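Novice:
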Amino acid sequence: MKVYYLTDKKERQKALAAGGYYTQDYIPCLLDSAGISGEALAPEDTDRVQPGDAVFAPEGAPLPPCRKITYPAAAEKTEGVKAEFELSGTKVYLVVPLRGEPVKKAADSLSFGFDLPGQLWFAGDGWPREPENFFVGRIPDASPLGKNNIAREPYNTALIRLVAGTLLEWGFAAAAPLPPQNGSLPDFGFMVSGDDDCCSRDINLEAAGVMNRLGLPYHINAMAAQGTAFCIDKADFEECARLGTETALHLDLSAVPADPRGETVRQKKLFEKTFGADPVTNCNHCLIQIHDCEEALLGFEDAGVIADNSKNGETNPEDINAFDMTGYGFGFMHPRYTVTKEGRVIGCMEIPQNYYEPRIGGKYGTDTGKLKNYFETGKKYMAVCQFFIHPHYLCSNNEHSAWSVKALEYALEYFKGKNVWITTTNRLALWWKQRGESVIKREGNVIVADAKAPLVLLLPPGAKAEENGSSLPAGKTDAGLPYIAIEKPGLHRIALKEA
Ligand SMILES: [Zn+2]
4 MKVYYLTDKK ERQKALAAGG YYTQDYIPCL LDSAGISGEA LAPEDTDRVQ PGDAVFAPEG
64 APLPPCRKIT YPAAAEKTEG VKAEFELSGT KVYLVVPLRG EPVKKAADSL SFGFDLPGQL
124 WFAGDGWPRE PENFFVGRIP DASPLGKNNI AREPYNTALI RLVAGTLLEW GFAAAAPLPP
184 QNGSLPDFGF MVSGDDDCCS RDINLEAAGV MNRLGLPYHI NAMAAQGTAF CIDKADFEEC
244 ARLGTETALH LDLSAVPADP RGETVRQKKL FEKTFGADPV TNCNHCLIQI HDCEEALLGF
304 EDAGVIADNS KNGETNPEDI NAFDMTGYGF GFMHPRYTVT KEGRVIGCME IPQNYYEPRI
364 GGKYGTDTGK LKNYFETGKK YMAVCQFFIH PHYLCSNNEH SAWSVKALEY ALEYFKGKNV
424 WITTTNRLAL WWKQRGESVI KREGNVIVAD AKAPLVLLLP PGAKAEENGS SLPAGKTDAG
484 LPYIAIEKPG LHRIALKEA
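Okay, so the sequence shown: first residue is 4 according to my numbering, each after it adds one.
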């Protein structure tokens with residue numbers, strides 16, 4: 004049993020020649036998010052497809068009898084929301100045209116009334132926008148929803164979850180979006196990150212100390228002022244690490260360099276030279292992005308940065324630096340990959356920011372409903388929740404610090420009795436990359452998993468796992484899906500028995 008995605012070189016050439024997109028190229032990114040292994044399938048090779056296989060294909064593509072996930076091909080990327088619909092209570096904002104019923108599910112087919120890969124690709128990438136209340140384009144202002152909508156749920160992640168759930172029902176296995184912890188699937192994950200804006204070494208060190216006292220790891224993106232020097236040195240970098248704070252890159256493109264890709268590489272090299280370490284991930288200063296998503300991520304790929312954390316879920320047109328904001332403008336809660344127009348997966352993922360500067364106290368009030376709801380959304384999607392808190396909002400002499408700390412204390416109280424994967428942006432990025440390099444196959448009644456990292460393997464509903472060799476811890480998700488926890492990377496063969 005295999006999962007295939009049709010890849011037609013001639014159709015791609017045609018779409019590109021017409022100035023459009025071959026949206027089928029986004030399927031590998033969809034599969035990465037779903038934790039499912041798939042293979043490209045050329046139109047001349049479709050005779051190898053077996054009835055139990057599942058094939059992703061544009062509607063109307065000739066295929067032998069098999070399970071099918073189909074959609075009309077959109078090809079064009081145009082700005083703005085074209086349609087909305089409800090998917091099990093989640094509002095989905097479509098940036099591609101809707102033709103008929105949004106979703107139709109039958110025993111051996113799942114069909115969409117819109118270009119599913121095009122939707123995930125275009126909404127996730129967003130659009131560069133002319134500067135409005137800022138001197139240069141900012142990514143959060145390029146959210147596909149515009150300024151009048153706030154996405155209350157990660158609507159693209161919801162679509163991917165539907166696809167993954169269907170493939171599980173058809174007998175395939177999937178890597179969950181969280182690693183095992185204590186032998187089971189965590190309820191959700193949590194990390195805290197912020198940018199130093201090259202303020203002062205005292206701020207970075209004090210913030211690292213505050214987080215250390217709270218018992219939480221922290222992540223600071225360090226900026227070199229005008230691209231010349233960081234406010235911390237190698238000894239400070241190491242002291243932060245000792246306190247449980249990792250330091251990554253805060254790329255500064257505010258001078259609007261003529262060659263942003265070259266500037267990205269230069270600032271990353273400066274980081275390595277200063278600290279003798281790889282930043283692993285990045286977040287852009289003032290969330291400034293020059294050119295489109297593809298060009299920005301190619302710069303990080305050139306630089307060897309594996310994840311960018313620059314996309315923010317919600318903006319407030321009244322206040323460019325508004326706090327206590329949660330939302331999912333781009334529609335994702337898990338890390339996502341994207342592709343070049345020629346269909347190559349870019350080697351730098353994006354980790355979306357979904358909660359910007361949480362606050363309890365002062366003008367923000369004492370209601371904790373927003374925070375609780377955020378963690379519940381994290382649990383629903385098996386996602387890593389992120390508090391984005393700048394280090395200077397954790398330090399003395401700032402009234403915000405008490406309100407930020409209150410939000411963190413609430414989180415710690417809420418986590419009691421729950422299995423929460425406390426992590427960092429760098430650790431998430433490294434784990435997600437290895438998860439994506441893992442290969443999971445079904446051979447008859449055996450799931451063969453070549454795990455490159457600890458994985459929770461979601462199994463088809465009703466399956467009972469009996470590991471050959473070692474015994475792996477097993478459990479069930481909230482939705483009742485059986486899973487096994489692969490705590491050690493390597494080759495695992497899991498024989499399935501029907502319940
Ligand atoms: Zn900044």
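Every residue, glycine too, gets a C-beta built ideally from N, C-alpha and C.
Remember, it's a predicted structure, so these values are computed and weren't measured experimentally.
Look up His222 in the DSSP assignment and say whether it is helix, strand or coil.
Specialist: The count along the sequence shown starts at 1 and reaches residue 222 at position 219. Here DSSP, grouped into helix, strand and coil, assigns His222 to strand.
Novice: Does ligand 1 have a heavy atom nearer than 7 Å to the CB of Asp534?
Specialist: Past the boundaries of the shown model lies residue 534; the chain is included only from 4 to 502, so the question cannot be answered.
Novice: Taking all protein chains shown into account, do 16 or more other C-beta atoms lie within 10 angstroms of the C-beta of Gln389, making it buried, or fewer, making it exposed?
Specialist: Indexing the sequence shown from 1 puts residue 389 at position 386. It counts as buried.
Novice: Can you check DSSP and say which residues form a bridge with Trp424?
Specialist: The count along the sequence shown starts at 1 and reaches residue 424 at position 421. DSSP output for Trp424 lists Gly192 as bridge partner(s).
Novice: Give a single yes or no on whether Cys289 has its beta carbon closer than 7 Å to a heavy atom of ligand 1.
Specialist: Taking the first residue of the sequence shown as 1, we reach residue 289 at position 286. Yes - ligand 1 has a heavy atom lying nearer than 7 Å to the Cβ of Cys289.
Novice: Along the chain, where does the beta strand (DSSP E) containing Gln389 start, and where does it finish?
Specialist: Position 386 of the sequence shown, counted from the first residue, corresponds to residue 389. Element bounds for Gln389: 387-391.
Novice: Can you have a look at Gly493 and say buried or exposed, based on whether 16 or more other CB atoms are within 10 angstroms of its CB?
Specialist: In the sequence shown, the residue the question calls residue 493 occupies position 490. Exposed, because fewer than 16 other Cβ atoms sit within 10 Å of the Cβ of Gly493.
Novice: Report all residues from its chain with a CB closer than 6 Å to the CB of Gly350; omit the five preceding and five following residues, and keep chain order.
Specialist: For the purposes of this step, residue 350 is identified with residue 347 of the sequence shown, where counting begins at 1. Taken in chain order, the residues that qualify are Glu304.
Novice: Between His3 and ligand 1, is the CB less than 7 Å from at least one heavy atom?
Specialist: Since the displayed the chain opens at 4 and closes at 502, residue 3 lies outside it and no answer follows.
Novice: What I want to know is whether the C-beta of His403 ends up closer than 7 Å to one or more non-hydrogen atoms of ligand 3.
Specialist: Judged by which ligands are present, ligand 3 is missing from the structure shown, whose ligands are ligand 1.
Novice: CA-CA distance, Lys373 and Gly63?
Specialist: Taking the sequence shown and counting its residues from 1, one reaches residue 373 at position 370. Taking the sequence shown and counting its residues from 1, one reaches residue 63 at position 60. Approximately 44 Å between the Cα atoms of the pair.
Novice: Could you check what DSSP says for Val213 in three-state terms: helix, strand or coil?
Specialist: In the sequence shown, counting from the first residue as 1, residue 213 sits at position 210. Three-state result, Val213: helix.
Novice: So Glu379 is in the beta strand (DSSP E); what residue range does that whole segment cover?
Specialist: By one-based count along the sequence shown, residue 379 stands at place 376. DSSP places Glu379 in no beta strand (DSSP E) but in the uninterrupted alpha helix (DSSP H) bounded by 372-383.
Novice: When every heavy atom of ligand 1 is checked, does at least one fall within less than 7 Å of the C-beta of Met226?
Specialist: Locating residue 226 in the sequence shown gives position 223, where the first residue counts as 1. Yes, since a heavy atom of ligand 1 falls inside the 7 Å radius drawn around the Cβ of Met226.
Novice: Would you mind stating whether Arg445 and Gly174 have Cβ atoms separated by less than 8 Å?
Specialist: Locating residue 445 in the sequence shown gives position 442, where the first residue counts as 1. Locating residue 174 in the sequence shown gives position 171, where the first residue counts as 1. Against a cut-off of 8 Å, the Cβ pair of Gly174 and Arg445 comes out as a contact.
Novice: Roughly how many angstroms lie between the CA atoms of Ala299 and His403, to the nearest whole one?
Specialist: The sequence position of residue 299 within the sequence shown is 296, counting from 1. The sequence position of residue 403 within the sequence shown is 400, counting from 1. One C-alpha to the other measures close to 32 Å.
Novice: Is it buried or exposed, Ala258, if we count other Cβ atoms within 10 angstroms and call 16 or more buried?
Specialist: Start at 1 with the first residue of the sequence shown, and residue 258 comes out as number 255. Ala258 is exposed by the Cβ-count criterion.
Novice: Find out if the Cβ-Cβ distance for the pair Gly346, Asp50 is shorter than 8 Å.
Specialist: For this step, residue 346 is matched to residue 343 along the sequence shown. For this step, residue 50 is matched to residue 47 along the sequence shown. In this structure, Asp50 does not lie closer than 8 Å to Gly346 by Cβ.
Novice: Does DSSP classify Ser187 as helix, strand or coil?
Specialist: As a position in the sequence shown, residue 187 is number 184, starting the count at 1. DSSP, reduced to helix, strand and coil, places Ser187 within a strand of the structure shown.
Novice: Determine the closest residue to Lys71 out of Ile487, Gly55, Pro100, with distance taken between C-alpha atoms.
Specialist: Taking the sequence shown and counting its residues from 1, one reaches residue 71 at position 68. When only C-alpha atoms are compared, the closest one is Gly55.
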